[in-house]
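Scroll down for the structure; my scribbles are underneath it.
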Amino acid sequence: MVIGLHTIDAISTSLGYGDIEKYYPDPQAIDGLKHLIWILRNDGPDHEFRRYIGEKRLVQTDLLPFLLHSFHEPDVADVVLRLLVNLTFPTDLIYKENHPKNASDRKKMLQLMEIAEGYKEAFTVNAVWSVLGEKMQSILRIKSLERSEAQAITVERILMLARNILQVPANVEKEKQLDNEDSLHDRLVWALDQTCTINIVSYILGSSSEQQYFMHALEIIYLVFREQQPANLVNATMQRIASEKQEDEVKLLEALQQPKTAKLPLPPRHSRFRGTYMSGSVKSISDNAAIAHQSLSKIIHADLGIEKERAKKSARLTRTVDEVERKSILSVRMCLRQYCVEILNLFNNIVRQAKRYLGSADQLSSDFHDDTYLLWAIRFFMAFNRMNGMNIELIGEALSMNTFHWIISRIESYNSSITCDKTRKSIWSKRLHNAVQTYDEMLCNLRALSLKEDPESKELLSMLQNNIFYAVEYRETVVHLLTNYNESYQTRNFLRSVVEVANRFYSLLEKFCDGTVRVQTRVKSKRKKQKGRKAGKSDRPPITPESLEFDWLSMAPKIAAVLPQVHATEENLPTPFDVASSVPIDDQKGDCMIRIHRLLRDEKYEDALKLMYAARSVWTNEDCFGSMHATADEDLMCLKEIFMANIAEDHETQHSDEDEEDDDEEDEVEEYEARTKYGEKDFKFEDFSKRLVDPKVVRNCVIVLSDWETIKTPTMKAAIHILHRIAVQHKTPAMLFQASLFRIFQRALHAKPSEHTAPLQQLGLYVIRQLQKKAPDNEVIFAELLFYKSAKICYGLEEGYDEVFNRPAGAAGSSAKNWSEEQEEELRRLFMENQENPQTDQDVIDWLLDNMIDRTRTRRAVIKKLKELGLIFKAPTKRSNANQHQKDSWNGEQIERLTQLYEEHRFERNVVKKIRDAFGQAFSRQAIVKQMVRMGLIADESEVKVRKSAASKPNRRRKERRDSASSSESYDSEEREEDNDGNDDGPAVVLDQKVAEKMMKLMGNSMKPCIDWVSSSMDFVCSSGAIRDLLRGGRTIYPKEEHQILALKDGRFRQFLLALGMEATNASWCIPEEFEAADLKQRIELLQTLCSSRETSPAAADRSIEEEDVVVQSNSTQPSVGGVPSEGSDEDEMPSFSKRKRSPSIAGKRDRSDSSDSMESSTYANKKSRKRMVVSSDDED
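Quick note on numbering: UniProt numbering labels position 52 of the sequence shown as 52, and the sequence is numbered without any gaps.
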């Protein structure tokens, strides 16, 4: 069925006609109301139908008159109440307290709130609440057991309707009402009072038989007193008190003493040119006075920052929403005061019933936050009782350790919810604010108890203080709240409440700690696991088949003696399965066999035989228990098979393992609980108060004082007392040297003296005088005004920075983390010296530690400082030494197997993974790649990278070429490469002529046809005249002859192509598109020169390489391959200079024996390794 707005129009016109005094309903009006309920139930997320009904004022024009004249009919009452409760449902609960951020959705929400304000105004009529109140009274007079379910639901709906109407927030801007004037909320409360509705709610709170409506009644009381302050209600008497008269007189005098701004007479003639003036107090860009072409009045009141762009505040910062606190008219306050006195007589019962309700059915985590109403009730009525004479008997249930513990648990729960439920942080912050205010009122009651002289009060105060100040949680909660304020989701009102709580808590604790006090503290302890249980299992000897055979020989004669008797009777057999078990009977056969085995081991032979006969009758199709017509000898053999199977031992072993696992888990839990133990110690208030010496505390107090003109005097004094403890008691006035705080002092010192400003002026004078004393001795103290400072920096401000940051090594209070400029320069010089001229094979960090002047530095501190100075050093030598040890651990058999595996899996997508799995994870991926490069199987790591399906792009190829080129260069060349890494526009062509000559020298004349093939391919592209077209995307050269295919499989030839600047593809090799004509001609000439000049055989090449290897080893002072990073390593990894062992394959230990083919392959691998080593050394040179 399609719902349209015209349907609502049709229903609204057919309900009836008339006004609130006389209304004539339509006979079919009930059906129309039911249809409206159905429409609201199918309303969309934009609440279109709800808004439309509210705009039509259907409640004011039809529903309330309908309610007044037809509420005596049960059917009418039920339907009208259902519809009114639905229409007046609170807007915050509709949106689940998550206000929309979208502008259009927020506009709809504001529209619903405006409609709700209209509903609230319509319900200020006394006749409406008179009808509803009489209905509730008539139902509540009936005993709870005799009421029908419909009557109970009617009472609950009336209470919910009252809750919905009272929950509409006050619109101060719209009402524009001052104190002592009747607001919309006052008129509604007055209507509830005149119709005795509040009396009915109070009766529900105190009645033990109406507990199902208890939380509804408590919420209504909360909403009635929401805008009131306990102090205003205590003073609501027929005669005005003296303090109230004095306050009004002070406000009147302040209003009369405000200076009137006299308007200056306008000049008779306006100056068109206005004139030119020189400002002596303002300098221009030069040192001369500023020249202004303005009128004199504008120059006097000139604002140099008027055109300055203001810093934008983050939208995430919470806007402070002040709670509406106003003084109602005297008549309303007097009636509310009377209700407060009546509720105080029921207060103990209210607190007891609310705790019982919240403790049942896990109501603590409900979305209706019922615990908030109990927190408010404790705070409000305890404050009223404290200001009205402090009668302890009326609040005995609330002023107890159980209530203190419950409030602290609520604070901790809300803090954890803020951390976990980040989407609703603002909601949990509001609830946390309510809990903090309640805790503050509890501390106020403790202070009020200390002023009473009767023994009962003193005994109660002593008990509460000994428990609160003894437990560590109560002390830590206040400090945690004070140091963990977050502006993004917590308001300034919350911070003001926290500051008041902290100041009051510290004052009470200081007074309590006059003598020696023992308090609870956390003690961390280590506990080792108890493994005694496992010892029993290991001590039990294992059961072997020989031992089972020996046991059976001893018990077989006994079973044979009992067998005829049991076989003859076969009566009173036990049940072989567990009837109550959820396991099917067919699956319990194994458990039955285990029971038989245990009975045999326990020498209960008769029971074992009976159980076997019973199992045989149940599992007739199975042969494990024997046949129904078996003889005595067959039964004996069946028992032997069950006993020799030893299934019970396996079952016991399995269960014992599970039990031990459970015991281990219990041990771990006990160990976790035992990590933090509680002990006792002598408490010193000075040590605990030093935790206030924190820049976070100072910042929070400054935030509170920034609104010193508008905040209450007790709140301002609380922040000043905390700052006074920091500056005076702990002698750290430098923590208050802050520019924003001095701006506050400036405004306060220019204000008129009063009781409100006097404490702030005194603190400002003290701090400014301390600054004047320290300023001559410290030139940078004014720069420190811009930052919040820690205690260490404050000590440096007072005593000098050298005393704190530049103490000699080993002095008291010196820190190994501090480096002077001379030490940093020394470290930088030593590091560069080691990198440029390595003269030792010692570890780099060890070499730095040995050559530094300060011998107290640790290895970790040096590595950290190297990173801070930009001297990148990645895992100095520990990891590289491990890789070198793994690299040297390759033997001849492993090298031969690596070659076979590479040839087998070379066309796989992930070659290295296949090889690593074949070696059983014995070598790391990096070690395998490096060994393949040394053997010449691959040119570099890029050949065995995981191939991607997407085609390689030119920019990606340029980046890979830069990476491969930079991996074979030294550290200085890497820095130059990084400087030019961002320029991808120019050609990135690499031609390594030295490497090309060496590879040609290694290959000899056997590769000359292949080199001619490459040269002709380049010549074809160069002579075509359309180089750009042919090289677009790269020009691939495909092998056609057999020798060309074999050449591309040779690692030396691939290294030769890489030196020419060519790129490897999935199919073959290609000429990059970055090549220009000059690049091609240069390579063609090089290839022709190499082919014409090199006529060396492979054997001669090997001999020359070996001779060159010996020369390099004799001339170089560093070990081979030690100072050059391998091509498979990362770019950022620095070279390592530690001493390394040379393996037989690399050091050139030559075995002249020709006994096996494996030695020949090892010798061939040794040659390739030496060739690779020489190339790397020459590249470094």
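Just so you know, even glycine gets a beta-carbon here, dropped at the ideal spot from N, CA and C.
Element boundaries [beta strand (DSSP E), containing Ser-279]: Along the sequence shown, one-based indexing puts residue 279 at 279. 277–283 is the span of the beta strand (DSSP E), which, as asked, contains Ser-279.
Stretch-stretch touch, CB-based, cutoff 8 Å, three pairs: the region 142–149 with the region 77–90: no
Sequence-distant residues of the same chain with beta carbon closer than 7 Å to Arg-916, five excluded per side: Numbered from 1 along the sequence shown, position 916 holds the residue referred to as residue 916. Same-chain partners within the cutoff: Phe-923, Arg-925, Ile-928.
Assigned exposure category for Ser-1120 - 16 Cβ within 10 Å defines buried: As a working mapping, residue 1120 is identified with position 1120 in the sequence shown. Here Ser-1120 scores only 36 on pLDDT, less than 50, and its place in the model should not be relied on; the value that follows carries that caveat. So Ser-1120 ends up on the buried side.
Distance, Met-382 Cα to Arg-337 Cα: Position 337 of the sequence shown holds residue 337. Position 382 of the sequence shown holds residue 382. Answer to the nearest angstrom: the Cα atoms are 14 Å apart.
Residues near Arg-424 in its chain [Cβ-Cβ closer than 6 Å; skip 5 each side]: Within the sequence shown, residue 424 is the residue found at index 424, counting from 1. Cβ neighbours of Arg-424 beyond the five flanking positions: none.
Coil, strand or helix - Phe-683 by DSSP: As a working mapping, residue 683 is identified with position 683 in the sequence shown. DSSP places Phe-683 in strand when its eight states are reduced to three.
Which listed residue (Asp-633, Gly-626, Arg-518) has its alpha carbon closest to that of Ile-559: Numbered from 1 along the sequence shown, position 559 holds the residue referred to as residue 559. Among Asp-633, Gly-626, Arg-518, the Cα nearest to that of Ile-559 is on Asp-633.
DSSP bridge partner residues for Val-517 (one or two, in chain order): Residue numbering aside, residue 517 sits at position 517 when the sequence shown is read from its first letter. Phe-683.
Which of helix, strand or coil DSSP assigns to Tyr-678: Here residue 678 corresponds to residue number 678 of the sequence shown, with the count starting at 1. Three-state result, Tyr-678: strand.
Nearest neighbour of Asn-232, chosen from Phe-89, Lys-327, Glu-173, Leu-830 [CA to CA]: Looking up residue 232 in the sequence shown gives position 232. Per the Cα distances, Lys-327.
Any 3 or more C-beta pairs closer than 8 Å across the region 735–743 and the region 786–796: yes
Residues near Lys-1008 in its chain [Cβ-Cβ closer than 8 Å; skip 5 each side]: Sequence index remark: in the sequence shown, residue 1008 carries index 1008 (1-based). Cβ neighbours of Lys-1008 beyond the five flanking positions: Cys-1091.
Assumed close pair Arg-1083, Leu-1002 - CB separation to whole angstroms, cut-off 8 Å: The residue given as residue 1083 occupies position 1083 in the sequence shown. The residue given as residue 1002 occupies position 1002 in the sequence shown. In fact, because the Cβ distance is near 19 Å, the residues do not count as touching under 8 Å.
Nearest neighbour of Phe-469, chosen from Phe-505, Ala-448, Leu-460 [CA to CA]: On the sequence shown, residue 469 is found 469 positions in, with the first residue counted as 1. Checked all of Phe-505, Ala-448, Leu-460; the closest Cα to Phe-469 is Phe-505.
Glu-247 to Gln-228 span [Cα, whole Å]: As a working note, residue 247 is residue 247 in the sequence shown. As a working note, residue 228 is residue 228 in the sequence shown. Looking at the two C-alpha atoms, the distance is approximately 19 Å.
Neighbourhood of Leu-1031 by C-beta distance below 7 Å, restricted to the same chain and skipping five residues each side: By 1-based counting over the sequence shown, the position of residue 1031 is 1031. Correct list, in chain order: Val-1021, Ile-1071, Glu-1073, Phe-1075.
Distance, Arg-747 Cα to Trp-376 Cα: Start at 1 with the first residue of the sequence shown, and residue 376 comes out as number 376. Start at 1 with the first residue of the sequence shown, and residue 747 comes out as number 747. About 36 Å.
Same chain only: Cβ atoms within 7 Å of Asp-440, ignoring 5 sequence neighbours per side: Along the sequence shown, one-based indexing puts residue 440 at 440. The residues are Ser-497, Glu-500, Val-501, Arg-504.
C-beta neighbour in chain B for Glu-97, strict 8 Å: Among the chains in the structure shown there is no chain B, since it carries only a single protein chain.
Length of the line joining the Cα atoms of residue 1198 and Leu-188: Any question about residue 1198 goes unanswered here, given that the chain covers just 1 to 1181.
Cβ pair count under 8 Å reaching 3, the region 99–114 against the region 64–71: no
C-beta atoms of Tyr-357 and Met-215 nearer than 8 Å: Against the sequence shown, residue 357 aligns to sequence position 357. Against the sequence shown, residue 215 aligns to sequence position 215. Yes; because the gap between Cβ atoms is below 8 Å, this pair is in contact.
Secondary structure of Trp-890, DSSP reduced to three states: By 1-based counting over the sequence shown, the position of residue 890 is 890. In the structure shown, Trp-890 sits in coil (DSSP, three-state: anything other than H, G, I, E or B).
Residue closest to Ile-153, alpha-carbon to alpha-carbon, out of Val-168, Val-933, Lys-135: Within the sequence shown, the letter at position 153 stands for residue 153. Checked all of Val-168, Val-933, Lys-135; the closest Cα to Ile-153 is Lys-135.
Beta-carbon proximity list for Leu-461, same chain, < 7 Å, skipping 5 on both sides: Sequence index remark: in the sequence shown, residue 461 carries index 461 (1-based). Cβ neighbours of Leu-461 beyond the five flanking positions: Leu-446, Leu-449, Ser-450.
Option nearest Leu-346 by Cα separation, candidates Leu-205, Thr-438, Lys-251: Walking along the sequence shown from the start, residue 346 turns up at place 346. Looking at the Cα atoms, Leu-205 is the closest of the given residues.
Phe-384, buried or exposed, once every other Cβ within 10 Å from all chains shown has been counted against 16: Along the sequence shown, one-based indexing puts residue 384 at 384. The residue is buried, with at least 16 neighbouring Cβ atoms inside 10 Å.
Secondary structure of Ala-292, DSSP reduced to three states: Within the sequence shown, the letter at position 292 stands for residue 292. In the structure shown, Ala-292 sits in a strand (DSSP, three-state: E or B).
Pick from Leu-609, Phe-1053, Arg-1035, Ser-488 that is closest to Ser-1006, judged by C-alpha positions: As a first step, residue 1006 must be located in the sequence shown, where it is residue number 1006. Of Leu-609, Phe-1053, Arg-1035, Ser-488, the residue nearest in Cα terms is Phe-1053.
Classification of Arg-41 by the beta-carbon crowding that lies within 10 angstroms, buried from 16 upward: As a position in the sequence shown, residue 41 is number 41, starting the count at 1. Exposed.
Gly-936 versus Glu-943 - alpha carbon distance: Locating residue 936 in the sequence shown gives position 936, counting from the first residue. Locating residue 943 in the sequence shown gives position 943, counting from the first residue. Rounded to whole angstroms, Gly-936 to Glu-943 spans 12 Å at the Cα level.
Span of the alpha helix (DSSP H), counted from its first residue to its last, around Gly-118: Mapped onto the sequence shown, residue 118 falls at position 118. 103–122 is the extent of the alpha helix (DSSP H) around Gly-118.
Sub-8 Å separation of Val-341 and Trp-190 beta-carbons: As a working mapping, residue 341 is identified with position 341 in the sequence shown. As a working mapping, residue 190 is identified with position 190 in the sequence shown. Contact flag unset, no.
Helix, strand or coil at Trp-190 according to DSSP, with G and I counted as helix: Within the sequence shown, residue 190 is the residue found at index 190, counting from 1. Note: Trp-190 maps to helix in three-state DSSP.
Span separating the alpha-carbon of Ala-645 from that of His-629: Locating residue 645 in the sequence shown gives position 645, where the first residue counts as 1. Locating residue 629 in the sequence shown gives position 629, where the first residue counts as 1. Cα to Cα, the separation comes out at about 23 Å.
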